[in-house]
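> If you read the sequences in order, they're chains A and B.
Position 61 of the first sequence, counting from 1, maps to 61 under this note's numbering, and the rest follow consecutively.
Position 31 of the second sequence, counting from 1, maps to 31 under this note's numbering, and the rest follow consecutively.
Note that the Cβ used here is the ideal one computed from N, Cα and C, for glycine as well.
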Amino acid sequence: LAKTTQPISMDSYEGQEVNITCSHNNIATNDYITWYQQFPSQGPRFIIQGYKTKVTNEVASLFIPADRKSSTLSLPRVSLSDTAVYYCLVGDPSSGTYKYIFGTGTRLKVLA
Amino acid sequence: DAMVIQNPRYQVTQFGKPVTLSCSQTLNHNVMYWYQQKSSQAPKLLFHYYDKDFNNEADTPDNFQSRRPNTSFCFLDIRSPGLGDAAMYLCATSHDGTGTFEAFFGQGTRLTVV
Chain A
1 LAKTTQPISM
11 DSYEGQEVNI
21 TCSHNNIATN
31 DYITWYQQFP
41 SQGPRFIIQG
51 YKTKVTNEVA
61 SLFIPADRKS
71 STLSLPRVSL
81 SDTAVYYCLV
91 GDPSSGTYKY
101 IFGTGTRLKV
111 LA
Chain B
1 DAMVIQNPRY
11 QVTQFGKPVT
21 LSCSQTLNHN
31 VMYWYQQKSS
41 QAPKLLFHYY
51 DKDFNNEADT
61 PDNFQSRRPN
71 TSFCFLDIRS
81 PGLGDAAMYL
91 CATSHDGTGT
101 FEAFFGQGTR
111 LTVV
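In structure tokens form, the structure reads like this:
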């Protein structure tokens, strides 16, 4: 399983764009990159998934360079309610033996 | 509408007294997972079921067991809880073969050992 490395924590202010980068140097050909969000005392929640280039949904954008050794989660105009831990996961979802292994995550704190 | 339901949300048990946590799902997913999450740490996978096939993580203590009597339900049994087992226990489901990488998590059960 590809190991991921993220910053431990980040602070931002309301209304700013936040970019969280994840490093996954040994990503495999069939691996996808997925991000989860976790609020205190709740289970993680799927945010976005991508394989290459750029993916955007109503919540976030995911940027993946051509070599796929890193990815960046972009949260536009964050609010206080975006304060959470964000996890980057890498793996092959088509694999029958797939397991969701969480790295350390990035603790985002949004300030007023 | 709840899709992965964990009961109870909070559980207090005595040191050494067996305890069972339950998880049910309305998604008809074939894979179910149990995670342990201690304060300020990432969720740690304990084991998962692929249909009826049980897959234990190598570092999961023998004190932790699981049962999956049918597709919808999965149980986590802690045979002799120690103080170090106090944590949030998360159940999750996913469906193999969809090509998406989305696991659905329950709200968790916070276990306190006294």
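Got a sec? Which residues, its chain only, sit under 6 Å from TYR199 of chain A by beta carbon, not counting five neighbours each side?
This structure gives no information on residue 199 of chain A, because the portion of chain A shown stretches from 1 to 112.
> Along the region 19-51 of chain B, what residues have a CB closer than 7 Å to any CB found in chain A?
Listed by position, the residues of the region 19-51 of chain B near chain A (Cβ gap below 7 Å) are TYR33, ALA42, PRO43, LEU45, HIS48, TYR50.
> Is LYS101 of chain B close to chain A? Criterion is C-beta to C-beta, closer than 8 Å.
By 1-based counting over the second sequence, the position of residue 101 of chain B is 101. The sequence given here places Phe at residue 101 of chain B; Lys does not occur at that position. Yes, PHE101 of chain B lies at the interface with chain A (some Cβ there is under 8 Å from its Cβ).
> Assess, as a yes-or-no matter, whether the region 20-35 of chain A is touched by the region 85-104 of chain A under the definition of 3 or more beta carbon pairs within less than 8 Å.
Touching, yes, given that three or more Cβ pairs across the two stretches are closer than 8 Å.
> Answer yes or no: do THR72 of chain A and LYS109 of chain A have a C-beta to C-beta separation smaller than 8 Å?
As a working mapping, residue 72 of chain A is identified with position 72 in the first sequence. As a working mapping, residue 109 of chain A is identified with position 109 in the first sequence. For THR72 of chain A and LYS109 of chain A, no; Cβs fall outside 8 Å.
> Determine the direct distance from the alpha carbon of ASP77 of chain B to that of ILE33 of chain A, and round the result to whole angstroms.
Position 33 of the first sequence, counting from 1, holds the residue named residue 33 of chain A. Position 77 of the second sequence, counting from 1, holds the residue named residue 77 of chain B. So the two alpha carbons sit approximately 32 Å from each other.
> Determine, for TYR86 of chain A, whether the minimum Cβ-Cβ distance to residues of chain B falls below 8 Å.
Taking the first residue of the first sequence as 1, we reach residue 86 of chain A at position 86. By this cut-off, TYR86 of chain A is not an interface position.
> On the criterion of 16 or more Cβ atoms from any shown chain inside 10 Å, does ILE8 of chain A qualify as buried, or is it exposed?
Numbered from 1 along the first sequence, position 8 holds the residue referred to as residue 8 of chain A. With fewer than 16 other Cβ atoms within 10 Å, it is exposed.
> Quick check: what's the CA-CA separation for LEU27 of chain B versus MET3 of chain B?
The sequence position of residue 27 of chain B within the second sequence is 27, counting from 1. The sequence position of residue 3 of chain B within the second sequence is 3, counting from 1. Between LEU27 of chain B and MET3 of chain B, the C-alpha separation is close to 6 Å.
> Would you check whether the ligand HEM has a heavy atom nearer than 7 Å to the C-beta of MET32 of chain B?
Here there are no bound small molecules, and the ligand HEM is not part of this structure.
> ASP82 of chain A by DSSP, collapsed to three states: which one?
Taking the first sequence and counting its residues from 1, the one referred to as residue 82 of chain A is at position 82. The answer is helix: DSSP assigns ASP82 of chain A an H, G or I state.
> In terms of residues, what are the limits of the beta strand (DSSP E) holding GLN65 of chain B?
If you number the second sequence from 1, residue 65 of chain B lands on position 65. Element bounds for GLN65 of chain B: 64-67.
> Looking at the C-beta of PRO7 of chain A, does it have a partner C-beta in chain B at a distance below 8 Å?
As a working mapping, residue 7 of chain A is identified with position 7 in the first sequence. Chain B contact via Cβ: absent.
> Any chance you could list the beta strand (DSSP E) runs of at least 3 consecutive residues sitting entirely within the region 15-98 of chain B, in chain order?
Within the region 15-98 of chain B, the complete beta strand (DSSP E) runs of at least 3 residues are 19-25, 31-37, 44-50, 53-56, 64-67, 73-78, 87-94.
> Among A:TYR86, A:LYS52, A:LYS99, A:SER74, which one has its Cα closest to the Cα of GLU58 of chain A?
Translated into positions along the first sequence, residue 58 of chain A becomes position 58. Among A:TYR86, A:LYS52, A:LYS99, A:SER74, the Cα nearest to that of GLU58 of chain A belongs to A:SER74.
> Looking at the unbroken beta strand (DSSP E) that takes in SER12 of chain A, where does it start and where does it end?
Here residue 12 of chain A refers to the residue found at position 12 when the first sequence is read from its first residue. Where SER12 of chain A is concerned, the enclosing beta strand (DSSP E) stretches over 9-13.
> Could you spell out where the beta strand (DSSP E) holding GLY50 of chain A opens and where it closes?
Position 50 of the first sequence holds residue 50 of chain A. From DSSP, the beta strand (DSSP E) with GLY50 of chain A extends over 45-50.
> Just confirm the distance between the C-beta atoms of THR109 of chain B and GLN6 of chain B, as a whole number of angstroms; I'd bet it's less than 8 Å.
Taking the first residue of the second sequence as 1, we reach residue 109 of chain B at position 109. Taking the first residue of the second sequence as 1, we reach residue 6 of chain B at position 6. Right, their Cβ atoms sit about 5 Å apart.
> Which bits of chain B does PHE102 of chain A rub up against, with CB to CB less than 7 Å?
Your numbering for residue 102 of chain A matches position 102 in the first sequence. What PHE102 of chain A touches in chain B: ALA42, PRO43.
> Do three or more CB pairs link the region 54-62 of chain B to the region 5-21 of chain B at distances below 8 Å?
Contact between the region 54-62 of chain B and the region 5-21 of chain B is absent, because fewer than three Cβ pairs lie under 8 Å.
> Per DSSP, THR124 of chain A is paired with what?
Since the first and last residues shown for chain A are 1 and 112, residue 124 of chain A lies out of range.
> Pull up the distance between the alpha-carbon of THR4 of chain A and that of LEU62 of chain A, whole angstroms please.
Indexing the first sequence from 1 puts residue 4 of chain A at position 4. Indexing the first sequence from 1 puts residue 62 of chain A at position 62. So the two alpha carbons sit approximately 15 Å from each other.
> Is THR109 of chain B helix, strand or coil when you go by DSSP?
If you number the second sequence from 1, residue 109 of chain B lands on position 109. Reduced to three states, the DSSP call for THR109 of chain B is strand.
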